[in-house]
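**Student:** Same order as they appear, the protein sequences are chains A and B. 513 is the number that our numbering gives to position 486 of the first sequence; each next residue is one higher, with no gaps. 116 is the number that our numbering gives to position 67 of the second sequence; each next residue is one higher, with no gaps. C-beta atoms are modelled at their ideal positions from N, C-alpha and C, and glycine is treated no differently.
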Amino acid sequence: MSGSLKTPPPTGSGGSSAIPSDAKLPPTAVREEALEPRWTPLKVAIWVAIALLGGLSWTMLAIVRGETVNAIWFVFAAVCTYLIAYRFYSKLIERKLVQPDDTRATPAEYKADGKDYVPTDRRVLYGHHFAAIAGAGPLVGPVLAVQMGYLPGTIWIIIGVIFAGAVQDYLVLFFSMRRGGRSLGQMAREELGLIGGTAALIATLAIMVIIVAILALVVVNALGESPWGVFSVAMTIPIALFMGVYLRYIRPGRITEVSIIGFVLLMAAIIGGGMIAETDWGVALFSLDRVTIAIGIIVYGFIAAVLPVWLLLAPRDYLSTFMKIGTIVMLAVAIIVVRPEITVPAFSEFAGRSDGPIVSGSLFPFLFVTIACGALSGFHALIASGTTPKLVQKERQTRFIGYGGMLMESFVAIMALVAALSIDRGIYFAMNSSAAATGGTIEGAVAFVNGLGLAGVNLTGEMLSSMAANVGEESIVSRTGGAPTLAVGLAQIMQGVFGGAGMMAFWYHFAIMFEALFILTAVDAGTRVARFMLQDTVGNFLPRFKNTGWRVGAWICTAIMVLAWGAILIMGVTDPLGGINTLFPLFGIANQLLAAIALAVCMAIVAKRGLFRWLWIPAVPLAFAAVVTITASFLKIFSTVPAVGYWANHNAFRAALDAGETSFGAAQTREAMEAVVRNTFVQGTLSIVFVTLAIIVIATAIVATVKSYQSGGGASSEDPALPSEIYAPSGFVATPAEKELEAEWEALPADHKPTVRAH
Amino acid sequence: MPGMTATVRRAVRGVGWYVTALMGDTAYGNYVAHHRSTHGDEAPLTEREFWKERYREQDLTPGSRCC
């Protein structure tokens, strides 16, 4: 067996190494020559067909650009490009950079404990990993980026995932797996030293806070003045509590069963919400303004984060996983069935300008921070190091799970983009321009949107009021944050398959519910993780805080984290300039700075392995993410255009206040002006903190890489290699050689089979 | 068509296996299998005890969910 394996690289520390296995067992890895199945004429023909279809789709999108373009070309362009990238680019990364070794046991095998470390079937783990990485992010960013036309967003989502997002997820997953499932923070500390590691830790904590705040802001904006939405989303809490009690006291472990019950109750809550929203008392009780909802979410966030996991977090997580996979499959089918015609231009009027009403700033760099999740999301590095690597059965499976999982999230982003593109452009701008621009009224929105001078846009008040009536809302003007727009798009597509126009209101609220469910799960899981990190940090000075079982310490740290994101949330909700439009760039910048940190750690590890020829694989996306986020941060800090620069805006409002003016720009009162001064100060300060931390981390990574280059590599921080005693195929479908080997293992007498056994 | 029903039955069983494994119904079974192979002489936790213990551990070491 050992003769067929690759020879170790010069340093001997990083690459594959042949491990003698138990002679009584069949081989634990497929022979190397069988790894690359031969090219048959049929296979060549299939790949040529995929390439031609992909090429045709890109031609339709990028070159032909007729009056309208059919949504099906987005699906084909994305899927064909993903397939080619997965088959060829991720394979190159596997062979040259990652060099997995299936004779080597994974942590799931050598640390097997039946709970956290369990060798899990690759297809199941793919679903697990996908459910953990995909949330509301890929659903929101692409919607906002539609402002610039369809092509910039489409290109970035598809090309970005191939060369950046999926590469990051794959590498972090593999490197963490080789280190027993160590977290990104721990790896940063090992590879970058104390300064880089500490900066990475603080950055992660700050990023977590800002991400939770902005996700919560999306929910608040979707639920404001919407009695139907408030009722049905509020009902998720008693439903989750019921599920928790059911699992604890009635039928422990029957998770699928309780999830189906929960799903039925959820549908009942959506339908019930529609009935209640038609009664006077329902409207009186559940029409809440945004500040009230924000306070509700802050209180909820604290309670949810200190309640035991079994009561609220775990059951809602089951429900959210169930809904996530179901809805995404449903939306994909619906887009293929309905195939909406899209009238949005490839590049809109705002693609070349920096005064867009939704995303302010020029296409470069702001497109790349508006769409973070779906193309490149640093947050995934926290999932890919931690839970998933402890469950991987065989090293070769990391390509399917890490790279493949991220491709699926990118596809979700493409579908969100299509849903937003299928809406009339006038309605799109009326929904997403801030209330400061539209005045929150139909007349104001019509005047504002028609005044933008957009080709082919002729918005009427009737269009807005009939759409609002169709989706069962009082108004759809200035429903910013992306979620309501996506919900309208989804409702429009779904009613083409199920139920017709009469069902639009149901589908709209289904979509709002679905996003709120993810976000609330992310809010309370994020609060818990942030609390945990804070406890760990404070524990360095006050050792008692390290004990996570100590209630008082946990409560204090939870309260601090909730207040931190709660303050930013309230700031966004009350912001006279519109909140989400000013805060969303911070979300994207934060997420991609985390990606830059993760890629920097990967680059340092690749350099230590001595693989300098292939260093560009993490270095190119790192350079891109660094340039984008640092440029965007600098513009946010130094730009003299008030719509773009936080400090420019800060100074303009402060000067107006000093001059004794009583209204300035969108702010109609002195209090509003003071709020802008305060908010821009916080936003500007956060920008400075983020960019400083990121520069420190990237600089320490470059230093570590150069050091490794000078010495030709470095000592590996991997766990020692142990022989594997199990076998499982690597991709979604097993190859003939893999099937043969699987059958050999299957044929082993039961008492010879190794103790750690997968499905 | 007996071949057809067998295929359908296999497909249904496959979907059932996938969904329950994905949602986590199989966690207790995994634990029992592991327990039997490592400390075969001790009795494993009951399903109720197992889940209680599992959620308690999750309380102490929170995992992150993505945006």
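Return helix, strand or coil for Phe-665 of chain A, following the three-state DSSP convention.
**Tutor:** By one-based count along the first sequence, residue 665 of chain A stands at place 638. The answer is helix: DSSP assigns Phe-665 of chain A an H, G or I state.
**Student:** Is the Cβ of Val-589 of chain A closer than 8 Å to any Cβ of chain B?
**Tutor:** Along the first sequence, read from residue 1 onward, the residue named residue 589 of chain A stands at position 562. So no, Val-589 of chain A is outside the interface.
**Student:** So, at 7 Å on beta carbons, what are the nonlocal neighbours of Leu-110 of chain A in its own chain, with the 5 sequence-adjacent residues on each side left out?
**Tutor:** Walking along the first sequence from the start, residue 110 of chain A turns up at place 83. Cβ within range, chain order: Ile-77.
**Student:** Please compile the residues from chain B whose C-beta is within a distance smaller than 8 Å of the C-beta of Arg-555 of chain A.
**Tutor:** Against the first sequence, residue 555 of chain A aligns to sequence position 528. Near Arg-555 of chain A (Cβ distances below 8 Å), the residues of chain B are Pro-111.
**Student:** Just list the residues that DSSP pairs Val-96 of chain A with in beta bridges.
**Tutor:** Working through the first sequence from its first residue, we reach residue 96 of chain A at position 69. Val-96 of chain A pairs with A:Ile-369.
**Student:** Counting only C-beta atoms, is His-779 of chain A closer than 8 Å to chain B at any point?
**Tutor:** If you number the first sequence from 1, residue 779 of chain A lands on position 752. It does not; no Cβ of chain B falls within 8 Å.
**Student:** Report the neighbours of Gly-73 of chain B on chain A: residues whose CB is nearer than 7 Å to its CB, in chain order.
**Tutor:** Taking the second sequence and counting its residues from 1, the one referred to as residue 73 of chain B is at position 24. Neighbours of Gly-73 of chain B on chain A, chain order: Ile-282.
**Student:** With distances taken Cα to Cα, identify the nearest neighbour of Arg-640 of chain A among A:Lys-70, A:Leu-124, A:Met-87, A:Thr-397.
**Tutor:** As a working note, residue 640 of chain A is residue 613 in the first sequence. It is A:Leu-124 whose Cα lies nearest to the Cα of Arg-640 of chain A.
**Student:** Compute every distance between the C-beta of Tyr-430 of chain A and the non-hydrogen atoms of the ligand GDP, then say whether any falls below 7 Å.
**Tutor:** The ligand GDP is not part of the structure shown, which contains no ligands of any sort.
**Student:** Does DSSP put Arg-131 of chain A in a helix, in a strand, or in coil?
**Tutor:** Numbered from 1 along the first sequence, position 104 holds the residue referred to as residue 131 of chain A. Strand, per DSSP.
**Student:** Comparing the C-beta of Leu-575 of chain A with each C-beta of chain B, is any distance below 8 Å?
**Tutor:** What you label residue 575 of chain A is simply residue 548 of the first sequence in a count that begins at 1. Sequence check: residue 575 of chain A is Thr here, not Leu. True, the Cβ-Cβ gap to chain B drops below 8 Å.
**Student:** Cα-Cα, which of A:Ile-723, A:Val-386, A:Asn-485, A:Ser-757 is closest to Leu-228 of chain A?
**Tutor:** Position 201 of the first sequence, counting from 1, holds the residue named residue 228 of chain A. For Leu-228 of chain A, the nearest C-alpha among the options comes from A:Ile-723.
**Student:** Write down the C-beta distance between Phe-438 of chain A and Ala-163 of chain A rounded to the nearest angstrom, noting that I regard them as a contact closer than 8 Å.
**Tutor:** As a first step, residue 438 of chain A must be located in the first sequence, where it is residue number 411. As a first step, residue 163 of chain A must be located in the first sequence, where it is residue number 136. Not a contact, Cβ separation roughly 16 Å.
**Student:** Buried or exposed for Leu-768 of chain A, going by 16 or more other Cβ atoms inside 10 Å?
**Tutor:** Working through the first sequence from its first residue, we reach residue 768 of chain A at position 741. It is buried - the Cβ of Leu-768 of chain A has at least 16 other Cβ atoms within 10 Å.
**Student:** Distance cutoff 8 Å, beta carbons only. Does Val-64 of chain B sit that close to anything in chain A?
**Tutor:** Against the second sequence, residue 64 of chain B aligns to sequence position 15. So no, Val-64 of chain B is outside the interface.
**Student:** So, Ser-404 of chain A versus Gly-192 of chain A, is the Cβ gap smaller than 8 Å?
**Tutor:** Indexing the first sequence from 1 puts residue 404 of chain A at position 377. Indexing the first sequence from 1 puts residue 192 of chain A at position 165. Yes, the Cβ-Cβ distance between Ser-404 of chain A and Gly-192 of chain A is below 8 Å.
**Student:** So what does DSSP say about Ala-694 of chain A, is it helix, strand or coil?
**Tutor:** Numbered from 1 along the first sequence, position 667 holds the residue referred to as residue 694 of chain A. The answer is strand: DSSP assigns Ala-694 of chain A an E or B state.
**Student:** Which bits of chain A does Val-68 of chain B rub up against, with CB to CB less than 8 Å?
**Tutor:** Along the second sequence, read from residue 1 onward, the residue named residue 68 of chain B stands at position 19. What Val-68 of chain B touches in chain A: Thr-283.
**Student:** Looking only at its own chain, which residues have a Cβ that is under 7 Å from the Cβ of Gly-553 of chain A, when we skip the five neighbours before and after it?
**Tutor:** Locating residue 553 of chain A in the first sequence gives position 526, where the first residue counts as 1. If we look at Gly-553 of chain A and ignore the five residues flanking it on each side, its Cβ neighbours are Met-235, Ile-238, Val-239.
**Student:** Can you confirm whether Lys-766 of chain A, when its beta carbon is compared against all beta carbons of chain B, has any partner nearer than 8 Å?
**Tutor:** The residue labelled residue 766 of chain A in the question sits at position 739 within the first sequence. Not closer than 8 Å to any Cβ of chain B, the Cβ of Lys-766 of chain A fails to qualify, so no.
**Student:** For Ala-70 of chain B and Ala-60 of chain B, what's the separation of their Cα atoms in angstroms?
**Tutor:** Taking the first residue of the second sequence as 1, we reach residue 70 of chain B at position 21. Taking the first residue of the second sequence as 1, we reach residue 60 of chain B at position 11. Rounded to the nearest angstrom, the two C-alpha atoms are 15 Å apart.
**Student:** Work out the CA separation of Thr-225 of chain A and Thr-564 of chain A for me, nearest whole Å.
**Tutor:** Taking the first residue of the first sequence as position 1, residue 564 of chain A is located at position 537. Taking the first residue of the first sequence as position 1, residue 225 of chain A is located at position 198. Those two C-alpha atoms are separated by around 10 Å.
**Student:** DSSP three-state label for Pro-750 of chain A, please.
**Tutor:** Along the first sequence, one-based indexing puts residue 750 of chain A at 723. Strand.
**Student:** Which residue from A:Ala-139, A:Leu-242, A:Pro-54 puts its Cα closest to that of His-83 of chain B?
**Tutor:** As a first step, residue 83 of chain B must be located in the second sequence, where it is residue number 34. The option with the nearest alpha carbon to His-83 of chain B is A:Ala-139.
**Student:** Give a yes or no on contact between the stretch 407-424 of chain A and the stretch 165-183 of chain A, applying the rule of three or more CB pairs nearer than 8 Å.
**Tutor:** Flag = no, the stretch 407-424 of chain A and the stretch 165-183 of chain A do not touch.
**Student:** Measure the CB-CB distance between Val-550 of chain A and Leu-242 of chain A and report whether it falls below 8 Å.
**Tutor:** For the purposes of this step, residue 550 of chain A is identified with residue 523 of the first sequence, where counting begins at 1. For the purposes of this step, residue 242 of chain A is identified with residue 215 of the first sequence, where counting begins at 1. Their beta carbons are under 8 Å apart, which means Val-550 of chain A touches Leu-242 of chain A by this criterion.
**Student:** According to DSSP, Thr-147 of chain A sits in a beta bridge with which residue or residues?
**Tutor:** Locating residue 147 of chain A in the first sequence gives position 120, where the first residue counts as 1. Partner(s): A:Val-419.
**Student:** For His-786 of chain A and chain B, any beta-carbon pair shorter than 8 Å?
**Tutor:** Counted from its first residue, the first sequence places residue 786 of chain A at position 759. Because His-786 of chain A carries a pLDDT of 33, less than 50, the predicted location of this residue cannot be relied on, and the following value inherits that uncertainty. Yes, because at least one Cβ of chain B sits closer than 8 Å to the Cβ of His-786 of chain A.
**Student:** Tell me the residue span of the alpha helix (DSSP H) that contains Ala-402 of chain A.
**Tutor:** On the first sequence, residue 402 of chain A is found 375 positions in, with the first residue counted as 1. Taken as a continuous stretch (DSSP letters only), Ala-402 of chain A belongs to no alpha helix (DSSP H), as it is neither H nor E.
**Student:** Would you mind reading off the limits of the alpha helix (DSSP H) that contains Gly-224 of chain A?
**Tutor:** What you label residue 224 of chain A is simply residue 197 of the first sequence in a count that begins at 1. Looking at the DSSP string, the run of the alpha helix (DSSP H) that includes Gly-224 of chain A is 211-250.
**Student:** Give the straight-line distance between the Cα atoms of Ser-793 of chain A and Leu-662 of chain A, rounded to the nearest whole angstrom.
**Tutor:** Lying outside 28 to 786, the shown extent of chain A, residue 793 of chain A is not represented and no answer is given.
**Student:** Taking the runs of the alpha helix (DSSP H) that are 4 residues or longer, which of them lie wholly in the stretch 85-115 of chain B?
**Tutor:** Counting only runs of 4 or more, we get 96-109.
**Student:** Helix, strand or coil for Ser-460 of chain A, going by three-state DSSP, please let me know.
**Tutor:** The residue given as residue 460 of chain A occupies position 433 in the first sequence. Three-state result, Ser-460 of chain A: coil.
**Student:** Quick check: what's the CA-CA separation for Thr-719 of chain A versus Arg-105 of chain B?
**Tutor:** For the purposes of this step, residue 719 of chain A is identified with residue 692 of the first sequence, where counting begins at 1. For the purposes of this step, residue 105 of chain B is identified with residue 56 of the second sequence, where counting begins at 1. Thr-719 of chain A and Arg-105 of chain B: Cα-Cα distance of roughly 38 Å.
**Student:** So that I know if they touch, is there some Cβ in chain A lying closer than 8 Å to that of His-88 of chain B?
**Tutor:** On the second sequence, position 39 is the one that residue 88 of chain B refers to. No - not a single Cβ of chain A is within 8 Å of the one on His-88 of chain B.
**Student:** Take the Cβ of Ala-631 of chain A as the centre, count every other Cβ of all protein chains shown within 10 Å, and call the residue buried at 16 or more, exposed below.
**Tutor:** Taking the first sequence and counting its residues from 1, the one referred to as residue 631 of chain A is at position 604. Classification for Ala-631 of chain A: buried.
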